[in-house]
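Everything below concerns the one structure shown next.
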Amino acid sequence: MADLPILQFEETIMKAVEENTVVVIIGETGSGKSTQLSQILHRRGYTKSGIVGVTQPRRVAAVSVARRVSQELGVRLGDEVGYAIRFEDRTSERTRIKYLTDGVLLRESLSNPELDQYSVVILDEAHERSLNTDILLGLMKRLVKRRASNFKVLITSATLDGEKVSQFFSECPVVRVPGKLFPVEIMYSHERPISYLESSLATALEIHMKEGEGDVLIFMTGQDDIDKLVSKLEDRVRSLEEGSCMDAIILPLHGSLQPEMQVRVFGPRPPNCRRFIVATNIAETSLTVDGVVYVIDSGYVKQRQYNPSTGMYSLDVVQISKVQANQRAGRAGRTRPGKCYRLYPSAVYEDEFLDVTIPEIQRSSLAGSVLYLKSLDLPDIDILKFDFLDSPSRKIVFFFRCVSSLFRHTFIAYNRLHPIAFAAAESLQDALKQLYLIDAIDENGLITRIGKTMAELPLEPSLSRTLMEANEHGCLSQALTVAAMLSAETTLLPGRSKNTEKKRKHDYLDLPDGSGWGDHIQLLQIYECWHQTNYDIDWCKDYQLQVRGMKFVKDVRRQLSQIMQKIARGPLDVQTSRRWKESQQDYHNLRRALCVGYANQLAERMVYHNGYRTLGFKPQVVQVHPSSVLKPDDEGKLPDYVVYQELIATSRPYLRTVCAVNIAWVTPILDKVNKININKLSGGIGRIEEHTEENMSDLPKTENVVAAVPDDHESKIQAARERFLARKGKK
DNA sequence: GAGCACTGC
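Written out as structure tokens, the structure is:
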């Protein structure tokens, strides 16, 4: 501990912290920033006036770092040092240093927007740019102005990103702390490989024959490639075995592996043996494998992206960023000097790779984030309560300045660099439309009472809305189950291991089938069956349902029930139905609640075939995913209208997880779609900011331009916003 | 009749 680099910088850091409200710390891997920054602040008295909170993007990190710090300070975990993650709060009144996931801190700021129990907030690993961290960055920017006298923010980031974060916080100081990594020699390919699978294979074999002891970590993009490479490696290594003096163990490592299999990667390594770990980017940050000396980096990663104009998700293989490439290389230098083989030329790294990864906030639907921001006690709501502050219109300007600066921060830098980065305006408009259709905001873009309640639920807005509607119509218990099942769905079904395939098909017949209404209903029925068995673990195993996943569903369901009981007025029925057979009606109310909640995700069947056309977005022809339990009726037809959980483009655009709904429920929603006025919904973001730029009398003229040339207007707003923000920044 | 990168409340 004493030789951690960060301790030599204690004076520098503390001087910067004392003289500034915000400080960026660039701390490379092994600098000790995660464990030491909080302790330094504790020693310097910053825990006397409040808690030092340290956010982490991942649960395991929050827990393990808290445990470590409590050991170093010689206190019991949960006393002076504690942690808070979903489903688990190990803090007490005595807690002075608190590690928490960034999601938990966001939830806390919902009930306490000033975060006044904290004297310091440290946003750790900010360069990872998780959606939650990005929103926290925006909130901190606002908070440091309001609590400048008794609040400090420290942000840790990677080298390439630190300057930008500093700019975001009005050029706050940057302190650089070196890491304790061993040097890693970087080797580039001369050309781009034709097949990075073959290229990885060749490189791995070369290392095995020519290089000394040490494990090899190979980054691939997905399970299929991992499986292929593992089997090829096994073949080739075996044929080499006589010529090599070392044995080889080849291990896959990815998120869908059972935890027992993942453990093999971390177990003790037999002597005179080399392990090849073929991994996804799970090994980039989430899991650390000891003993790795060689890294093979394909330069690619699989990323999920959202297109706000079509409402469609896709899973694409894209080039990594420089930050990611360096992070991967760093995995070779943890225990001793290592080597990193990049399967691409250095010119590609220099010229094509983005400096930093496109942040999640730019690749996701913003409906949840916008609703969350609107629900905070920021000035666009409950204006009467805050009379002592600025006038209402000024408040709205302020709100959108916070929001737009937050989104600016993440959008503008990348738009010209990367085709998949969508414009902030488009993404925000999509979010506003979605929120309007599910009654979370009114036609002026102001949050409604329903929306306010929705934001309290840790769910995507559509599911929150479904719960609220279900509560009105006596099917909350069922909706809670569906919401919980959907929160974990991908982890429920068994993996693709071949020997279970046959067995599963057989058992699958015995599982409920949704009674012809679709996948949501099937999920409900599965959970109710499990409930009937008194949550029997063996029952899950019999039906090949992931035990961990089902337990998670139970936890989520309990948490949602508690929140609903807290926020909803009147009596609630949150008990799981005890007589599920009797509830096998047509699920009328539940399906209607889903229709209301997913008003922005409806599809209409085509007249002559079973394809669907999406409603609400730019219409698209899509198919129900073959994995759906929804089957054509006796006439060979699927339901006329469905709600869908997800629209995803794989080999074709598919609706995944669908439920039949009635046309009578759909019609009023379509009326609403037709009446959408995006300018009003935007709450005059552009208009208000243009007021500050130009004369009031210019306004009608500008609005005419909107109708005629939207793009031009958009760029004008953008320009006005830039000038506005620049001027504000100088003050 | 297809396929699932990784997190998190």
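Mind the numbering: the first sequence is residues 0 to 730 in numbering that gives the first Met the number 0, read in order.
For every residue, glycine included, the Cβ atom is placed at its ideal position computed from N, Cα and C.
Nearest-angstrom beta carbon gap, residue j and residue i [assumed within contact, 8 Å]
{"i": "Val-291", "j": "Arg-330", "result": "6 Å"}
{"i": "Leu-456", "j": "Ile-562", "result": "6 Å"}
{"i": "Arg-590", "j": "Ala-602", "result": "About 14 Å; that fails the 8 Å criterion."}
{"i": "Tyr-660", "j": "Tyr-640", "result": "Sequence inspection shows Val at residue 660; the Tyr mentioned does not correspond to that position. Contact holds; Cβ gap of about 5 Å."}
{"i": "Arg-106", "j": "Ile-84", "result": "11 Å between Cβ atoms; not a contact."}
{"i": "Val-369", "j": "Leu-458", "result": "Wrong, their Cβ atoms sit about 15 Å apart, outside the cutoff."}
{"i": "Pro-344", "j": "Arg-191", "result": "7 Å"}
{"i": "Arg-341", "j": "Ile-185", "result": "6 Å"}
{"i": "Lys-231", "j": "Thr-20", "result": "No, Lys-231 and Thr-20 are not in contact; Cβ-Cβ is about 55 Å, not under 8 Å."}
{"i": "Tyr-435", "j": "Ile-520", "result": "Not really, about 28 Å apart at Cβ, beyond 8 Å."}
{"i": "Asp-281", "j": "His-253", "result": "Correcting the residue identity first, residue 281 is Ile in this sequence and not Asp. Confirmed, Cβ separation roughly 6 Å."}
{"i": "Trp-516", "j": "Cys-658", "result": "6 Å"}
Alpha-carbon to alpha-carbon, residue j and residue i
{"i": "Pro-270", "j": "Ser-320", "result": "36 Å"}
{"i": "Trp-529", "j": "Arg-333", "result": "45 Å"}
{"i": "Ala-203", "j": "Val-215", "result": "7 Å"}
{"i": "Glu-210", "j": "Ser-199", "result": "15 Å"}
{"i": "Gly-52", "j": "Glu-233", "result": "47 Å"}
{"i": "Thr-279", "j": "Ala-324", "result": "13 Å"}
{"i": "Met-219", "j": "Ile-193", "result": "15 Å"}
{"i": "Ser-308", "j": "Leu-646", "result": "12 Å"}
{"i": "Leu-522", "j": "Glu-27", "result": "45 Å"}
{"i": "Gln-433", "j": "Ile-446", "result": "13 Å"}
{"i": "Ile-96", "j": "Met-13", "result": "17 Å"}
{"i": "Val-183", "j": "Arg-335", "result": "9 Å"}
{"i": "Leu-228", "j": "Glu-87", "result": "39 Å"}
{"i": "Val-119", "j": "Ser-374", "result": "24 Å"}
{"i": "Phe-167", "j": "Asp-289", "result": "36 Å"}
{"i": "Gln-222", "j": "Thr-489", "result": "15 Å"}
{"i": "Ser-148", "j": "Ser-48", "result": "12 Å"}
{"i": "Ser-363", "j": "Ile-525", "result": "30 Å"}
{"i": "Gly-596", "j": "His-126", "result": "34 Å"}
{"i": "Thr-656", "j": "Lys-636", "result": "18 Å"}
{"i": "Leu-353", "j": "Arg-175", "result": "22 Å"}
{"i": "Tyr-371", "j": "Met-139", "result": "15 Å"}
Exposure label - residue i; buried when at least 16 CB within 10 Å
{"i": "Ala-598", "result": "buried"}
{"i": "Asp-518", "result": "buried"}
{"i": "Val-310", "result": "In the sequence on display, residue 310 carries Gly and not Val. With 16 or more other Cβ atoms within 10 Å, it is buried."}
{"i": "Cys-539", "result": "buried"}
{"i": "Val-236", "result": "buried"}
{"i": "Ile-225", "result": "buried"}
{"i": "Asn-694", "result": "Caution is warranted here: a pLDDT of 32 is assigned to Asn-694, below 50, making its placement in the model unreliable, and no coordinate value can be reported."}
{"i": "Gly-81", "result": "buried"}
{"i": "Val-316", "result": "exposed"}
{"i": "Val-606", "result": "exposed"}
{"i": "Ser-426", "result": "buried"}
{"i": "Ser-650", "result": "exposed"}
{"i": "Asp-160", "result": "buried"}
{"i": "Asp-2", "result": "exposed"}
{"i": "Cys-272", "result": "exposed"}
{"i": "Phe-137", "result": "Note on residue identity: the sequence assigns Gly, not Phe, to residue 137. Flag for Gly-137 reads buried."}
{"i": "Gly-548", "result": "buried"}
Residue j beta carbon less than 8 Å from that of residue i
{"i": "Asp-101", "j": "Pro-358", "result": "no"}
{"i": "Arg-461", "j": "Ile-437", "result": "For the sequence presented, residue 461 should be read as Ser rather than Arg. For Ser-461 and Ile-437, yes; Cβs fall inside 8 Å."}
{"i": "Ser-33", "j": "Pro-177", "result": "no"}
{"i": "Thr-94", "j": "Ile-50", "result": "yes"}
{"i": "Tyr-299", "j": "Tyr-195", "result": "yes"}
{"i": "Leu-104", "j": "Thr-54", "result": "yes"}
{"i": "Val-164", "j": "Val-23", "result": "yes"}
{"i": "Glu-124", "j": "Arg-145", "result": "no"}
{"i": "Val-642", "j": "Asp-512", "result": "no"}
{"i": "Leu-479", "j": "Leu-491", "result": "no"}
{"i": "Gly-610", "j": "Gln-622", "result": "yes"}
{"i": "Phe-265", "j": "Ala-247", "result": "no"}
{"i": "Thr-90", "j": "Gly-77", "result": "yes"}
{"i": "Val-68", "j": "Gln-38", "result": "yes"}
{"i": "Phe-783", "j": "Ala-482", "result": "Any question about residue 783 goes unanswered here, given that the chain covers just 0 to 730."}
{"i": "Leu-680", "j": "Gly-444", "result": "yes"}
Distance cut-off 7 Å: residue i Cβ against heavy atoms of the ligand SAH
{"i": "Trp-529", "result": "Judged by which ligands are present, the structure shown has none, so any question about the ligand SAH falls away."}
May I have a chain-ordered list of the beta strand (DSSP E) segments no shorter than 3 residues that lie completely inside the stretch 633 to 687? Here the runs fully enclosed are 640 to 648 and 652 to 660.
Complete runs of the beta strand (DSSP E) confined to the stretch 42 to 89 [at least 3 residues]: Taken in chain order, the unbroken stretches of beta strand (DSSP E) that lie wholly in the stretch 42 to 89 and span 3 residues or more are 50 to 55, 80 to 84 and 87 to 89.
Entirely within the stretch 220 to 279 and at least 4 residues each: give me those alpha helix (DSSP H) ranges in chain order. Assignment of alpha helix (DSSP H) within the stretch 220 to 279, counting only whole runs of 4 or more residues, yields 222 to 239 and 258 to 265 in chain order.
Minimum length 3: unbroken beta strand (DSSP E) runs contained in the stretch 104 to 161: Counting only runs of 3 or more, we get 117 to 122 and 151 to 156.
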